[in-house]
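Peer 1: Its first residue numbered 77, the sequence shown is counted upward by one per residue in this note's numbering. Here a beta-carbon is modelled for each residue, glycine too, at the ideal position from N, C-alpha and C. For reference, the structure I am asking about is given below.
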Amino acid sequence: MTTRIWTAALAVIGDEILSGRTQDMNVAQVAAWLNVQGIRLAEVRIVPDKTDAIVEAVNILRARNDYLFTTGGIGPTHDDITVDAIAEALGVGVVFHPKAVAVLEGYYATRGGLTDARKRMARVPDGADLIENRMSGAPGIRIGNVFIMAGVPHITARMLDALTGTLEGGLPVLSRTVGGWIPESEVAELLGAVEKAHEGVAIGSYPFFRDGRVGANFVVRATDAALLDACMADLTERLEADGRTVVADGI
(Lines of atoms letter the chains of each structure in order from A and count residues from 1; the text may use other names and numbers.)
(Lines give C-alpha, C1' and ligand atoms only; values in the text may rest on other atoms or scores of the structure.)
Protein backbone atom coordinates (compact mmCIF):
# COMPACT_ATOMS: atom_id res chain seq x y z
CA MET A 1 0.00 0.00 0.00
CA THR A 2 1.09 3.58 -0.62
CA THR A 3 -0.08 7.10 0.12
CA ARG A 4 0.18 7.93 -3.59
CA ILE A 5 -3.23 8.81 -5.05
CA TRP A 6 -4.05 6.71 -8.11
CA THR A 7 -6.69 8.05 -10.48
CA ALA A 8 -8.84 6.74 -13.29
CA ALA A 9 -11.13 8.29 -15.86
CA LEU A 10 -14.21 6.78 -17.46
CA ALA A 11 -15.35 7.46 -21.02
CA VAL A 12 -18.96 6.41 -21.52
CA ILE A 13 -19.38 5.92 -25.26
CA GLY A 14 -22.71 5.91 -27.07
CA ASP A 15 -25.23 8.12 -28.81
CA GLU A 16 -27.97 6.34 -26.86
CA ILE A 17 -26.64 7.79 -23.60
CA LEU A 18 -26.43 11.33 -24.95
CA SER A 19 -29.91 11.12 -26.48
CA GLY A 20 -31.45 10.01 -23.19
CA ARG A 21 -32.81 6.77 -24.66
CA THR A 22 -30.58 4.78 -22.32
CA GLN A 23 -29.76 5.74 -18.74
CA ASP A 24 -26.13 5.08 -17.83
CA MET A 25 -25.61 2.81 -14.84
CA ASN A 26 -21.90 2.16 -15.20
CA VAL A 27 -20.50 5.32 -13.61
CA ALA A 28 -21.62 4.33 -10.12
CA GLN A 29 -20.47 0.72 -10.32
CA VAL A 30 -17.11 1.58 -11.88
CA ALA A 31 -16.52 4.27 -9.24
CA ALA A 32 -17.40 1.90 -6.39
CA TRP A 33 -15.20 -0.88 -7.80
CA LEU A 34 -12.27 1.48 -8.32
CA ASN A 35 -12.49 2.73 -4.75
CA VAL A 36 -12.07 -0.82 -3.44
CA GLN A 37 -8.97 -1.14 -5.63
CA GLY A 38 -7.54 2.02 -4.07
CA ILE A 39 -8.12 4.08 -7.22
CA ARG A 40 -10.20 7.24 -7.39
CA LEU A 41 -12.50 7.98 -10.29
CA ALA A 42 -11.34 11.48 -11.13
CA GLU A 43 -13.46 12.32 -14.16
CA VAL A 44 -16.16 11.03 -16.48
CA ARG A 45 -16.82 12.02 -20.07
CA ILE A 46 -19.80 10.96 -22.21
CA VAL A 47 -18.75 10.63 -25.83
CA PRO A 48 -20.83 10.14 -29.00
CA ASP A 49 -20.26 7.32 -31.49
CA LYS A 50 -17.89 9.47 -33.53
CA THR A 51 -14.31 8.43 -34.16
CA ASP A 52 -12.80 11.88 -33.75
CA ALA A 53 -14.58 12.44 -30.44
CA ILE A 54 -13.49 9.07 -29.06
CA VAL A 55 -9.89 9.58 -30.18
CA GLU A 56 -9.76 13.00 -28.55
CA ALA A 57 -11.28 11.78 -25.27
CA VAL A 58 -9.05 8.71 -25.07
CA ASN A 59 -5.84 10.63 -25.63
CA ILE A 60 -6.70 13.36 -23.13
CA LEU A 61 -8.02 11.08 -20.39
CA ARG A 62 -5.35 8.37 -20.58
CA ALA A 63 -2.59 10.98 -20.44
CA ARG A 64 -3.71 12.68 -17.25
CA ASN A 65 -4.85 9.62 -15.29
CA ASP A 66 -3.22 6.36 -14.29
CA TYR A 67 -6.02 4.39 -15.93
CA LEU A 68 -8.76 4.96 -18.47
CA PHE A 69 -11.86 2.81 -18.65
CA THR A 70 -14.34 2.94 -21.51
CA THR A 71 -17.82 1.43 -21.69
CA GLY A 72 -19.91 0.89 -24.81
CA GLY A 73 -19.40 0.43 -28.52
CA ILE A 74 -17.73 -2.99 -28.67
CA GLY A 75 -20.66 -5.04 -29.97
CA PRO A 76 -21.24 -6.77 -33.33
CA THR A 77 -22.92 -3.95 -35.29
CA HIS A 78 -21.56 -1.36 -37.71
CA ASP A 79 -21.91 1.50 -35.22
CA ASP A 80 -19.71 -0.24 -32.64
CA ILE A 81 -16.58 1.73 -33.45
CA THR A 82 -14.85 1.94 -30.09
CA VAL A 83 -12.12 -0.59 -30.91
CA ASP A 84 -11.23 1.13 -34.18
CA ALA A 85 -11.24 4.58 -32.59
CA ILE A 86 -9.04 3.54 -29.67
CA ALA A 87 -6.64 1.80 -32.02
CA GLU A 88 -6.42 5.05 -33.97
CA ALA A 89 -5.82 6.99 -30.77
CA LEU A 90 -2.96 4.65 -29.87
CA GLY A 91 -1.50 4.59 -33.36
CA VAL A 92 -1.90 0.84 -33.88
CA GLY A 93 -3.85 -1.39 -36.24
CA VAL A 94 -6.84 -3.63 -35.49
CA VAL A 95 -6.47 -7.41 -35.50
CA PHE A 96 -8.50 -10.48 -34.59
CA HIS A 97 -7.27 -11.79 -31.26
CA PRO A 98 -6.91 -15.59 -31.66
CA LYS A 99 -8.00 -16.33 -28.10
CA ALA A 100 -11.05 -14.10 -28.48
CA VAL A 101 -11.99 -15.89 -31.69
CA ALA A 102 -11.68 -19.27 -29.93
CA VAL A 103 -13.78 -18.09 -26.99
CA LEU A 104 -16.51 -16.80 -29.28
CA GLU A 105 -16.47 -19.98 -31.40
CA GLY A 106 -17.05 -21.99 -28.24
CA TYR A 107 -19.74 -19.68 -26.91
CA TYR A 108 -21.73 -19.59 -30.16
CA ALA A 109 -21.25 -23.27 -31.05
CA THR A 110 -24.78 -24.01 -29.77
CA ARG A 111 -26.13 -20.52 -30.50
CA GLY A 112 -26.12 -20.39 -34.27
CA GLY A 113 -22.40 -20.32 -34.89
CA LEU A 114 -19.82 -17.57 -35.17
CA THR A 115 -21.12 -15.23 -37.88
CA ASP A 116 -19.06 -12.43 -39.37
CA ALA A 117 -20.97 -9.94 -37.23
CA ARG A 118 -20.26 -11.86 -34.05
CA LYS A 119 -16.63 -12.29 -35.01
CA ARG A 120 -16.30 -8.50 -34.95
CA MET A 121 -16.29 -8.80 -31.17
CA ALA A 122 -12.88 -10.55 -31.40
CA ARG A 123 -11.28 -7.46 -32.97
CA VAL A 124 -8.77 -5.66 -30.73
CA PRO A 125 -6.12 -2.97 -31.07
CA ASP A 126 -2.89 -4.71 -32.04
CA GLY A 127 -0.95 -5.71 -28.93
CA ALA A 128 -3.96 -5.85 -26.62
CA ASP A 129 -4.78 -8.43 -23.95
CA LEU A 130 -8.25 -9.69 -23.09
CA ILE A 131 -10.50 -9.15 -20.08
CA GLU A 132 -12.50 -12.28 -19.32
CA ASN A 133 -16.27 -12.13 -19.72
CA ARG A 134 -18.12 -15.16 -18.39
CA MET A 135 -21.51 -13.60 -19.06
CA SER A 136 -21.69 -13.37 -22.85
CA GLY A 137 -18.39 -14.71 -24.11
CA ALA A 138 -17.25 -11.52 -25.87
CA PRO A 139 -14.20 -10.37 -23.90
CA GLY A 140 -13.18 -6.93 -22.82
CA ILE A 141 -9.84 -5.50 -23.90
CA ARG A 142 -6.81 -4.12 -22.11
CA ILE A 143 -4.03 -2.22 -23.86
CA GLY A 144 -1.56 -0.18 -21.87
CA ASN A 145 -3.52 1.78 -19.27
CA VAL A 146 -6.75 1.62 -21.29
CA PHE A 147 -9.52 -0.86 -20.40
CA ILE A 148 -12.26 -1.31 -23.00
CA MET A 149 -15.46 -2.79 -21.61
CA ALA A 150 -19.04 -3.50 -22.59
CA GLY A 151 -21.79 -0.96 -22.13
CA VAL A 152 -24.33 -3.42 -20.69
CA PRO A 153 -24.01 -2.94 -16.91
CA HIS A 154 -24.19 -6.57 -15.81
CA ILE A 155 -21.55 -7.53 -18.39
CA THR A 156 -19.39 -4.62 -17.28
CA ALA A 157 -19.69 -5.92 -13.72
CA ARG A 158 -18.34 -9.32 -14.76
CA MET A 159 -15.40 -7.70 -16.52
CA LEU A 160 -14.62 -5.66 -13.43
CA ASP A 161 -14.73 -8.85 -11.37
CA ALA A 162 -12.13 -10.35 -13.70
CA LEU A 163 -9.87 -7.33 -13.10
CA THR A 164 -10.20 -7.34 -9.32
CA GLY A 165 -6.81 -7.30 -7.64
CA THR A 166 -4.85 -6.91 -10.89
CA LEU A 167 -4.38 -3.12 -10.89
CA GLU A 168 -1.86 -1.18 -8.87
CA GLY A 169 -3.53 1.26 -6.51
CA GLY A 170 -3.29 2.94 -3.14
CA LEU A 171 -5.39 2.91 -0.02
CA PRO A 172 -9.17 2.59 -0.45
CA VAL A 173 -11.15 5.70 0.45
CA LEU A 174 -13.28 5.23 3.56
CA SER A 175 -16.37 7.33 4.21
CA ARG A 176 -18.92 8.10 6.91
CA THR A 177 -21.98 10.31 6.85
CA VAL A 178 -23.92 12.56 9.18
CA GLY A 179 -26.93 14.61 8.21
CA GLY A 180 -29.58 16.93 9.46
CA TRP A 181 -32.32 19.35 8.56
CA ILE A 182 -29.65 21.96 8.11
CA PRO A 183 -29.33 24.46 5.23
CA GLU A 184 -25.76 23.93 4.07
CA SER A 185 -25.22 27.67 3.60
CA GLU A 186 -25.63 28.15 7.36
CA VAL A 187 -22.79 25.76 8.21
CA ALA A 188 -20.46 26.32 5.26
CA GLU A 189 -17.78 28.01 7.37
CA LEU A 190 -18.05 25.33 10.03
CA LEU A 191 -17.53 22.57 7.46
CA GLY A 192 -14.51 24.35 6.03
CA ALA A 193 -12.98 24.79 9.48
CA VAL A 194 -13.41 21.11 10.35
CA GLU A 195 -11.86 19.97 7.07
CA LYS A 196 -8.93 22.36 7.55
CA ALA A 197 -8.35 21.01 11.06
CA HIS A 198 -7.97 17.43 9.81
CA GLU A 199 -5.37 17.20 7.06
CA GLY A 200 -6.04 14.29 4.73
CA VAL A 201 -9.82 14.47 5.12
CA ALA A 202 -12.37 15.74 2.59
CA ILE A 203 -15.90 16.76 3.55
CA GLY A 204 -18.64 16.83 0.93
CA SER A 205 -21.99 18.54 1.48
CA TYR A 206 -25.05 17.17 -0.32
CA PRO A 207 -28.20 19.27 0.13
CA PHE A 208 -31.73 18.02 -0.41
CA PHE A 209 -35.30 19.31 -0.25
CA ARG A 210 -37.96 17.01 1.16
CA ASP A 211 -41.43 17.49 2.58
CA GLY A 212 -41.07 21.23 2.30
CA ARG A 213 -37.87 21.25 4.34
CA VAL A 214 -34.22 21.83 3.49
CA GLY A 215 -31.52 19.52 4.74
CA ALA A 216 -28.08 18.20 3.93
CA ASN A 217 -25.92 15.14 4.38
CA PHE A 218 -22.24 15.62 5.10
CA VAL A 219 -19.91 12.89 3.85
CA VAL A 220 -16.45 12.65 5.39
CA ARG A 221 -13.81 10.79 3.37
CA ALA A 222 -10.28 9.68 4.26
CA THR A 223 -7.94 6.76 3.70
CA ASP A 224 -7.08 6.47 7.43
CA ALA A 225 -9.78 5.06 9.72
CA ALA A 226 -8.50 6.80 12.86
CA LEU A 227 -8.36 10.15 11.07
CA LEU A 228 -11.87 9.57 9.73
CA ASP A 229 -13.22 8.83 13.21
CA ALA A 230 -11.55 11.90 14.69
CA CYS A 231 -12.96 14.17 12.01
CA MET A 232 -16.43 12.68 12.36
CA ALA A 233 -16.38 13.25 16.12
CA ASP A 234 -15.20 16.83 15.67
CA LEU A 235 -17.80 17.57 12.99
CA THR A 236 -20.63 16.12 15.08
CA GLU A 237 -19.51 18.03 18.18
CA ARG A 238 -19.27 21.34 16.34
CA LEU A 239 -22.65 20.92 14.66
CA GLU A 240 -24.33 20.11 17.98
CA ALA A 241 -22.56 23.02 19.67
CA ASP A 242 -24.04 25.21 16.94
CA GLY A 243 -27.49 24.04 17.98
CA ARG A 244 -27.97 21.52 15.17
CA THR A 245 -29.63 18.14 15.51
CA VAL A 246 -27.33 15.59 13.87
CA VAL A 247 -28.47 12.26 12.44
CA ALA A 248 -25.83 9.52 12.27
CA ASP A 249 -25.49 7.88 8.82
CA GLY A 250 -27.42 10.76 7.26
CA ILE A 251 -31.03 11.37 6.33
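Distance check for G114 and A301, CA to CA, integer angstroms please.
Peer 2: Position 225 of the sequence shown, counting from 1, holds the residue named residue 301. Position 38 of the sequence shown, counting from 1, holds the residue named residue 114. Distance between the alpha carbons of A301 and G114 is about 14 Å.
Peer 1: By DSSP, does T158 sit in helix, in strand, or in coil?
Peer 2: Here residue 158 refers to the residue found at position 82 when the sequence shown is read from its first residue. In the structure shown, T158 sits in a helix (DSSP, three-state: H, G or I).
Peer 1: Residue range of the beta strand (DSSP E) that W82 falls in?
Peer 2: Taking the sequence shown and counting its residues from 1, one reaches residue 82 at position 6. Looking at the DSSP string, the run of the beta strand (DSSP E) that includes W82 is 82 to 89.
Peer 1: Given this structure, state the Cα-to-Cα distance separating A309 from A292, to the nearest angstrom.
Peer 2: Here residue 309 refers to the residue found at position 233 of the sequence shown. Here residue 292 refers to the residue found at position 216 of the sequence shown. Cα to Cα, A309 sits roughly 18 Å from A292.
Peer 1: What distance in whole Å lies between the Cβ atoms of V270 and R314, which are believed to be in contact at a cut-off of 8 Å?
Peer 2: Taking the sequence shown and counting its residues from 1, the one referred to as residue 314 is at position 238. Taking the sequence shown and counting its residues from 1, the one referred to as residue 270 is at position 194. Contact flag correct, Cβ pair sits at about 6 Å.
Peer 1: Which runs of the beta strand (DSSP E) fall wholly inside the region 206 to 250 and span at least 3 residues, in chain order?
Peer 2: Qualifying beta strand (DSSP E) stretches, in chain order: 216 to 219, 222 to 225.
Peer 1: For A336, count neighbouring Cβ atoms within 10 angstroms of its own Cβ and tell me buried if that reaches 16, exposed if not.
Peer 2: Beyond the ends of the chain as shown, which are 77 and 327, falls residue 336; an answer cannot be given.
Peer 1: When the Cα atoms are used, what is the spatial distance from C307 to R97?
Peer 2: Walking along the sequence shown from the start, residue 307 turns up at place 231. Walking along the sequence shown from the start, residue 97 turns up at place 21. Each residue's Cα considered, the two are about 42 Å apart.
Peer 1: Closer than 8 Å is the cut-off here; do at least three beta carbon pairs connect the region 173 to 180 with the region 204 to 224?
Peer 2: The region 173 to 180 vs the region 204 to 224: in contact.
Peer 1: Which runs of the beta strand (DSSP E) fall wholly inside the region 121 to 202 and span at least 3 residues, in chain order?
Peer 2: Correct list: 143 to 147, 170 to 172, 199 to 201.
Peer 1: Decide if the region 269 to 286 is in contact with the region 132 to 150; the criterion is three or more beta carbon pairs, one per stretch, under 8 Å apart.
Peer 2: Flag = no, the region 269 to 286 and the region 132 to 150 do not touch.
Peer 1: Out of R196, E244, A161, G326, which one is the CA nearest neighbour of N111?
Peer 2: For the purposes of this step, residue 111 is taken as residue 35 along the sequence shown, with counting starting at 1. The residue with the shortest Cα to Cα distance from N111 is E244.
Peer 1: In three-state DSSP terms, what is V103?
Peer 2: Against the sequence shown, residue 103 aligns to sequence position 27. If DSSP states are grouped into helix, strand and coil, V103 belongs with the helices.
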